[in-house]
Structure formats: structure tokens, C-alpha cells
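Down below is the structure, laid out as C-alpha cells.
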Amino acid sequence: MLDVCLPGTGGMLPLPERWLSCCWLEYQGKAVLIDCGEGTQIALRKAGLRMARLETLLITHFHADHIAGLPGLLLTLGNQGKVTPLKIIGPRGLRAVVSALTSIAGGLPFSVELVELHGSGGDYHIGETHIHYRMLNHGVPCLGYRISYHRKPIFNPRKAAALDIPKRLYSVLHRGDSVKLPDGRTVRPEQVLDGERPPIRIAYITDSVYCENMVDLASGADLLICEGMYGDENMRDKMNEKGHMIFQDAARLARTAGARALWLTHFSPALRNPKEHLAAAQAIFLPAAVGYDGIRTILPRASNERALN
Ligand SMILES: [Zn+2]
Ligand SMILES: [Zn+2]
């Protein structure tokens, strides 16, 4: 099961009641954090997340509200005793930015591996986790991400019982290995498995004006997390000029891409109560929800549960 949390949902600057936007994805005890603005380590702590599980940090772009919290986070991880490597992935220029920021975070007890993603889009794999990235439209190199988590095929206990397989061997077959039974028979995984399950897909899109690359990223997402600086139509032109979207743009994206759910995030500091504008987003995409610091869900959801709010 994938644990998804938004420890912060603000844009531009942290507020006393709203940390900067970021996203925590935890699967099988390993966590990915997307973006790390000023104060993100406090937001993680407030949300009750276990920083020691962090293995990968994805950066969307190098505006301060998305990366300025990096040195502090690294120092805290070091002070907590992290010794396993941390991978940091981001757009071109990552190496220079991280090396400048880490010049004030020396002596870390763990290694940092940097991965610069080039071109207008592509794919990167970490084990069975698949990261698909595309360039957005924000005036500086800015990547949107779709993270897909591979799921094990369906195990059929009735088939296993019919073959008299000891229960202690079920997990071996489920992970795809053959087993030899005490009576000498060999059982192959395909004899007890019922086929593949689709991956769990999360799309994370901020900051950008609406563009076609977003539709590709959000296509078929179980959850689209997307920026909406304001919920007022009158703010669209002004926001688009600054390289941002409003609630209605995000809702249109979710609908066009066939996403199953939408969490809005990266609110303007001037937007004090984003929920006032939820109806405007739901008029376009009914399952839309307004994110808030600490919003959390477990995926996949049962098929009879619809909205993720
Ligand atoms: Zn931003
Ligand atoms: Zn930005």
C-alpha cells in the first residue's frame, strides 16, 4: 500500500499555518519526498512522517520555495544518524544548485547521489518504481513527475490450497519464485497467480501554466496533485503571466487526462481559505479536493470509495 501525504501546501513563502508545498510517498518502508522548500523538515515532523525512511528526493525546479530547505533537511538527517545514501533527482543544473546549498551542510555521514534529468522528458527507474518526467512551462527548467509503483500480481490462495502447498511458501511464490515441495514436486508462480495488477500512479505537477506535457503526466493517475494558486477565474491571466495555474486549470487537466482524483496545492499566501473555491474546481472535475497540510491517504483505495479528501 502506498502512503501519500502533503506535509505542506503553500506557494512562494511559508506561513505560520501553512508550510511550503511538498509531497511524501512511502511504499514498503521506503520514502520519496518531492520538493523541499524552507521549513519542509518541520512540516514532515508535524505530519508525523519518519524522515529516516527517506531514500529519494525529487526536485521540480530551483525556485527557493521548492529547494531552499535542502541544507537543513540534510543536516537533520545526518544528526538523526542516517548512513544510507540519499538520491537527489532534478532538472538540469541540479549539480550546481545542490553543491552551492550543501556547502553549508558539510560532514554528512551519508552519501548524496545526484541525478540530472535532461531533455523535454523521459523515464528513470529506481528498482521497480518508475519515474516519468516531462518539462513544464514555468520560465525556468521545471519538471512534472509521474511516479508509478509496481504491484505484485494477484495471489490465489484457492489454487495454492488445491496444490497442497504449505502456507509458509505462499510469499515465495507471490514474489515470483518457484518452490520445491516436501513431496518433491516443483510449483511455479504462474500456477497460483491470477495475473497482473495495474501500478499505482501519482502525478505531481507544479509550477507551470497549462501545457500538453501535463496531460501526458496526469494520464490515468490514481491521484493528481496539482498547483492551483487561486480559485478565482479573474486571477487566471495574472497567474498565467507568472507561470502558474488556478484551480480551474488543474481541474480541467484532471478531467482531460482521466485522473481518478485531484488534490490542489501550492496556494498563494494571499489565498487564506482555499476551500471557499472548491466548488469552482468540482464544477469541472467532481472528485477535486483542496489539499491542506497533513492531508493523507493510502492507495489503492477500495473501488467503492471515490473522493480522496
Ligand atoms: Zn513555487
Ligand atoms: Zn516556481
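Position one of the sequence shown corresponds to residue 1032 (my numbering), numbered consecutively onward. Glycine included, C-beta positions come from ideal geometry on N, C-alpha and C. The structure presented is a predicted model; accordingly, all values stated were derived computationally and were not measured.
Rounded to the nearest whole angstrom, the CA to CA distance from Gly1100 to Leu1117 is 15 Å. Buried is the label assigned to Phe1093, since at least 16 other Cβ atoms lie within 10 Å of its Cβ. In the three-state DSSP reduction, Leu1317 falls in the coil class, being neither helix nor strand. Cβ neighbours of Val1146 within its own chain (closer than 6 Å, five residues either side excluded): Ile1120. The three-state reading of DSSP puts Asp1154 in strand, counting E and B together. Proximity of the beta carbon of His1205 to ligand 2 is not indicated: no heavy atom of the ligand is located closer than 7 Å. Inter-segment contact for the segment 1050 to 1068 and the segment 1085 to 1092 is present: three or more beta-carbon pairs are separated by less than 8 Å. Within the same chain, Cβ atoms closer than 7 Å to the Cβ of Leu1080 are found at Cys1036, Pro1038, Trp1055, the five residues on either side in sequence being excluded. Short note on Asp1280: C-beta not closer than 7 Å to any heavy atom of ligand 2. If you keep only unbroken beta strand (DSSP E) runs of at least 3 residues inside the segment 1092 to 1172, you get 1117 to 1122, 1143 to 1148, 1152 to 1157, 1160 to 1166.
Taking the Cβ of Gly1042 as the reference point, at least one heavy atom of ligand 1 falls within a distance shorter than 7 Å. In the DSSP assignment, Phe1298 forms a beta bridge with Gly1041. Burial state of Phe1316 is buried, judged by a 10 Å Cβ sphere holding 16 or more other Cβ atoms. Assignment of Arg1283 by DSSP, reduced to helix, strand and coil, places it in the helix class. When only Cα atoms are considered, Met1043 and Glu1069 end up about 10 Å apart. The alpha-carbon separation between Ser1151 and Arg1165 amounts to approximately 6 Å. By the Cβ criterion, the segment 1185 to 1198 is not in contact with the segment 1285 to 1294, since fewer than three pairs of Cβ atoms, one from each stretch, lie closer than 8 Å.
Of the candidates Met1266, Arg1267, Lys1269, His1275, the residue whose Cα lies closest to the Cα of Cys1257 is His1275. Ile1196 sits buried, since 16 or more C-beta atoms from the chains shown fall within 10 Å of its C-beta. In this structure, DSSP gives Thr1217 an extended state, which the three-state scheme calls strand.
Separation of the CB atoms of Ile1065 and Tyr1201 is rounded to 35 Å, and the pair is thereby denied contact status at 8 Å.
Distances from the CA of Ser1239 to each of Arg1228, Ala1249, Ala1301, Gly1175 were compared; the closest alpha carbon is that of Gly1175. Contact residues of ligand 2 (beta-carbon closer than 6 Å to any heavy atom; chain order) are His1092, His1094, His1169, Asp1238. Beta-bridge annotation (DSSP): Thr1087 is paired with Val1063, Lys1118. Each residue's CA atom was taken as its position, placing Pro1331 and Ala1249 some 16 Å apart.
Relative to Val1171, the option among Gln1222, Thr1091, Gly1138 whose CA is nearest is Thr1091.
Counting the other CB atoms within 10 Å of its CB gives Phe1141 a total below 16, which places it among the exposed residues. Sequence-distant Cβ neighbours of Ala1136 in its own chain, meaning closer than 6 Å and more than five residues away, are Pro1102, Leu1105, Leu1106.
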